Amino acid sequence: MTEAVTRLVEAKFGLEGTYRKAGQQPWTGAASASQVPQHSERAIAATIAFAEYVQATYGRFPAHVDACKSVVACQTHHLDEDFYATFYPESALPEAHREHMHVWHAS
């Protein structure tokens, strides 16, 4: 479990991780990712201890559900275009989404 937790933390906060990799970020503000706080050593240790307890007690992790489960669902909503314009590059919101209100809900 130590290796699994350590790899996950590294994937998020390591030099090539989601929140620390230089240059490749989905946010418009270059400093946005660096504002995401890294997990404390105490939190990481607690996560490892909990995962090891579950593994030792129940013989598997997670204990009561499959680790990989496919759930089919559909959710629809109207996007806040101003939010995307403020925090993301233009390419983050496809044209179909930008034109949705005009095409489908014009008076």
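Numbering-wise (our numbering), the sequence shown opens with residue 4 and increments by one. Virtual Cβ for every residue (Gly too), placed ideally from N, Cα, C. Values in this document were obtained by computation on a predicted structure and should not be read as measured data.
Item, Value
"For my contact list, residue 8 and residue 47 are in at a C-beta cut-off of 8 Å; report their separation, rounded to the angstrom.", "6 Å"
"Counting Cβ pairs, one atom from each stretch, are 3 or more of them under 8 Å apart for the segment 16-32 and the segment 76-83?", "no"
"Using alpha carbons as the reference points, say which of 44, 4, 21 and 54 lies closest to residue 38.", "21"
"Using a Cβ-Cβ cut-off of 6 Å (strictly less than) and excluding sequence neighbours within five positions of residue 15, which residues of its own chain qualify?", "21 and 22"
"Would you kindly work out how many angstroms separate the C-alpha atoms of residue 125 and residue 34, rounded to a whole number?", "For the chain, the structure presents residues 4 to 110; residue 125 sits outside this window and is missing."
"For residue 41, which residues in the same chain have their Cβ closer than 7 Å to its Cβ, ignoring the five residues on either side in sequence?", "16"
"State the Cα-Cα distance for the pair residue 83 and residue 56, rounded to the nearest angstrom.", "43 Å"
"Work out the CA separation of residue 5 and residue 58 for me, nearest whole Å.", "12 Å"
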